[in-house]
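Residues 1 to 559, numbered by UniProt numbering, are exactly what the sequence shown covers, in order.
Here a beta-carbon is modelled for each residue, glycine too, at the ideal position from N, C-alpha and C.
Since the structure is predicted, the reported quantities are computational estimates derived from the model, not experimental observations.
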Amino acid sequence: MSYCNLYYPKSNTLVFILILFIFPYTILAQGGSWQLLLNNVGISAMHMQLLHNDRVVMFDRTDFGASNLSLPAGQCRNNPRDLYLQVDCTAHSAEYDTLTNTIRPLNIISDTWCSSGAVLGDGRLAQTGGYHDGERVIRTFHPNCSATNNNNCDWAEISNALFEHRWYASNHILPDGSSIILGGRRGFSFEFFPKTPTTSTLTPFPFLGEVNERGVENNLYPFVFLNVDGNLFVFANNRAILFDYKNNVVVKIYPTVPGGDPRNYPSTGSAVLLPIKNLELGNKAEAEVLICGGARHGAYVKAAQQSWFLPALNSCARMKINDPNATWVMETMPKARVMGDMVLLPNGDVLIINGAGSGVAGWELGRDPVLNPVIYHPDNNIVGSRFEVMTAATIPRMYHSCAILLRDGRVLVGGSNPHHFYNFTNVLFPTDLSLEAFSPPYLDPSRSNIRPSITSPGSSTNINYGKTIKIGFSISGLVNPGSIKVTMVRPPFNTHSFSMSQRLLVLTNKSIVKPVSQGQFELEVMTPGSENVAPPGYYMLYVVHQNVPSKAIWVKLAT
1 MSYCNLYYPK
11 SNTLVFILIL
21 FIFPYTILAQ
31 GGSWQLLLNN
41 VGISAMHMQL
51 LHNDRVVMFD
61 RTDFGASNLS
71 LPAGQCRNNP
81 RDLYLQVDCT
91 AHSAEYDTLT
101 NTIRPLNIIS
111 DTWCSSGAVL
121 GDGRLAQTGG
131 YHDGERVIRT
141 FHPNCSATNN
151 NNCDWAEISN
161 ALFEHRWYAS
171 NHILPDGSSI
181 ILGGRRGFSF
191 EFFPKTPTTS
201 TLTPFPFLGE
211 VNERGVENNL
221 YPFVFLNVDG
231 NLFVFANNRA
241 ILFDYKNNVV
251 VKIYPTVPGG
261 DPRNYPSTGS
271 AVLLPIKNLE
281 LGNKAEAEVL
291 ICGGARHGAY
301 VKAAQQSWFL
311 PALNSCARMK
321 INDPNATWVM
331 ETMPKARVMG
341 DMVLLPNGDV
351 LIINGAGSGV
361 AGWELGRDPV
371 LNPVIYHPDN
381 NIVGSRFEVM
391 TAATIPRMYH
401 SCAILLRDGR
411 VLVGGSNPHH
421 FYNFTNVLFP
431 TDLSLEAFSP
441 PYLDPSRSNI
451 RPSITSPGSS
461 TNINYGKTIK
471 IGFSISGLVN
481 PGSIKVTMVR
491 PPFNTHSFSM
501 SQRLLVLTNK
511 SIVKPVSQGQ
521 FELEVMTPGS
531 ENVAPPGYYM
541 LYVVHQNVPS
551 KAIWVKLAT
């Protein structure tokens, strides 16, 4: 590296003081660190969504008795159709404030067990389906429902709003800011929310029936990604298609994943759409899918009926989905994993976290907790050099665990095995009500001097498609301008090892990095050019320097 590409700030001394208010412990290591945030949040975090007010909405299910979190005085859930407790004065949903590390109970009425969701273009969380009385319910939560008192915000529920029963379905944000709801148990169809005169019908989707394994399924929670051409990539069991949902046409059939083993619930691998680059190419930008882990063929029957827990899959399959001759490239993870979560990190790496080393999804059907997260570096050219093992957790995160990225770069982790009546004893893996944060190595204090800090624009900035915007940022230490990039991350809805609508965009630099004063810099970047590449709504925008991301600012992308 030549010295002409380096900037030296003139400040003489920088003192970094790390004050940890996290109770009760923090484990630090070179491979990332773990922090226990709250030992008991009162509910098990089966479903999670970060909203643009830096609060995480989480919920479990309503049909297994009282939780450990009371509703505010005078409030009770009154549901004659509930299977276990018709009058329940405890919460089964909560709002976690990431800035104050506090919990606020929310009141959800119908059963959300194994449901799905997406944040719409206007910032509302639209949450769909569930079990029993919740199978056709749509619930909405708006973080800005009260400008003066956010504590008034709570769930609004719409009964019989879905045409089809949706249990184990997948949702995805669309280019118009609405959500598609696809699949579910015995639900070989799709529909939309909000519904319009042109989208107010139920459309058959036979692909999910074709890949169904009778008695096991492995077509539930299908992996769905919006391609840069506006079509949907849909993966279920071991097969994938490119689907034109507007015209109900299968555009392309992809090869079966080598080995033929299933990857979807209850075999439960995980998947991501890798970072999208070269956005100026629009629908010709490269889109690449990565699917990791899962269970071997027949593992569910062996675990459920014979208590025989087969080793999980240690393979990942990666494919450029717009390649005319698209084929799967196989890679081997350091550890086999089922029920793992894949989280896109701000620098473009992928975190693989949670899960088990054998068995399948289901309370005691998964065994051998995998405590070490793994970071996958997709830009490393050599296959076999892309995985990096991280510091082990101390809490097993098995069935119904969650993991999502926060604005400061940490990954929030919670949930595990929510048994009936919140059983904490006499089971192999008891119900877990704690919340932890995993800090990837880029948050290590030794890298503070190369970590950027965004100075402009301010948070909650509105941006438009195909425009040049100026980003101001500061860096206290030695700067390598050639390593700086700007990324945008869409926070996903996470449940059952799949983060729905998860998306990371690497913005195109329109200028070189310019020093404007001591330690202060500017960079101009181009915003995404189309709704197919980046659906409208709220994103976290990061400046990344030497693979170390800043804390993000919230931006709202709109036409």
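Query: Distance between Gly466 and Ala295 (C-alpha atoms, nearest Å); Result: 42 Å
Query: Candidates Ile375, Val525, Arg166 and Leu174: closest to Arg185 by CA position; Result: Arg166
Query: C-alpha distance - Ala437 paired with Leu36, whole-angstrom precision; Result: 7 Å
Query: Distance CB(Ile109)-CB(Asn227) smaller than 9 Å; Result: no
Query: Own chain partners of Tyr422 with C-beta closer than 6 Å, once the 5 adjacent residues on each side are dropped; Result: Thr431
Query: The stretch 158-174 in contact with the stretch 185-205 per 3-pair CB rule at 8 Å; Result: yes
Query: Those residues which DSSP pairs with Ile484 across a bridge; Result: His545
Query: Cut-off 6 Å between Cβ atoms - residues of its own chain near Gly415, not counting five sequence neighbours on either side; Result: Ser44, Ala45, Met46, His400, Ser401 and Cys402
Query: Residue nearest to Tyr539 in terms of C-alpha spacing, selected from Asn509, Ser501 and Lys485; Result: Ser501
Query: Residues bridged to Val211 [DSSP beta-bridge criterion]; Result: None; Val211 has no bridge partner.
Query: Cβ-based burial, Trp554 [other Cβ within 10 Å; buried from 16]; Result: buried
Query: Continuous alpha helix (DSSP H) stretch holding Gln300: start and end; Result: The identity of residue 300 in the sequence shown is Tyr, whereas the question assumes Gln. It spans Ala299 to Gln306 - the alpha helix (DSSP H) in which Tyr300 sits, taken as one unbroken run.
Query: Where Gly357 sits in the DSSP three-state scheme; Result: strand
Query: Residue burial classification, Cys76 (beta-carbon count within 10 angstroms, cutoff 16); Result: exposed
Query: Buried versus exposed call for Trp308 [16 or more other C-beta atoms within 10 Å across all chains shown]; Result: exposed
Query: Three or more C-beta pairs below 8 Å linking the stretch 113-121 and the stretch 480-497; Result: yes
Query: Assumed close pair Phe207, Ile241 - CB separation to whole angstroms, cut-off 8 Å; Result: 6 Å
Query: Beta-carbon proximity of Phe193 to Tyr245, cut-off 9 Å; Result: no
Query: Where the beta strand (DSSP E) containing residue 575 begins and where it ends; Result: This structure leaves residue 575 out entirely; the chain is present only between 1 and 559.
Query: Beta carbon of Leu38 nearer than 9 Å to that of Asn101; Result: yes
Query: Proximity winner among Val411, Leu345, Leu478 and Ile463, relative to Lys556 (alpha-carbon distances); Result: Ile463
Query: For His47: DSSP bridge partner residues; Result: Phe59
Query: Beta-ladder partner(s) of Glu217, from DSSP; Result: Glu213
Query: Euclidean distance between Cα positions of Thr90 and Gly537; Result: 33 Å
Query: Buried versus exposed, by CB contacts within 10 Å (16 or more), Pro105; Result: buried
Query: Three-pair Cβ contact test at 8 Å for the stretch 280-294 versus the stretch 322-338; Result: yes
Query: Beta carbon of Val413 nearer than 9 Å to that of Leu428; Result: no
Query: Nearest-angstrom Cβ-Cβ length linking Gly269 and Leu504, presumed shorter than 8 Å; Result: No, Gly269 and Leu504 are not in contact; Cβ-Cβ is about 20 Å, not under 8 Å.
Query: Proximity of Asn449 and Ser483 at Cβ, strictly below 9 Å; Result: no
Query: Beta-carbon proximity list for Thr327, same chain, < 8 Å, skipping 5 on both sides; Result: Pro255 and Met319
Query: Uninterrupted beta strand (DSSP E) stretches inside the stretch 438-480 (no shorter than 3 residues); Result: 453-456, 461-464 and 468-474
Query: Pairwise C-alpha distance: Asn480 and Met1; Result: For Met1, the pLDDT reaches just 32, beneath the cut-off of 50, and the residue's location in the model is therefore unreliable, although a value from the coordinates is still provided. Distance between the alpha carbons of Met1 and Asn480 is about 9 Å.
Query: Cα-Cα separation between Gln351 and Arg55, rounded to whole angstroms; Result: A small correction: the amino acid at residue 351 is Leu; Gln does not occupy that position in the sequence shown. Cα to Cα, the separation comes out at about 21 Å.
Query: 6 Å CB neighbourhood of Thr140 in its chain, flanking five on each side removed; Result: Arg124, Ala126 and Ala156
Query: C-alpha gap between Gly260 and Val489, whole angstroms; Result: 32 Å
Query: Expected contact under 8 Å - CB spacing of Trp363 and Asn417 to nearest Å; Result: 6 Å
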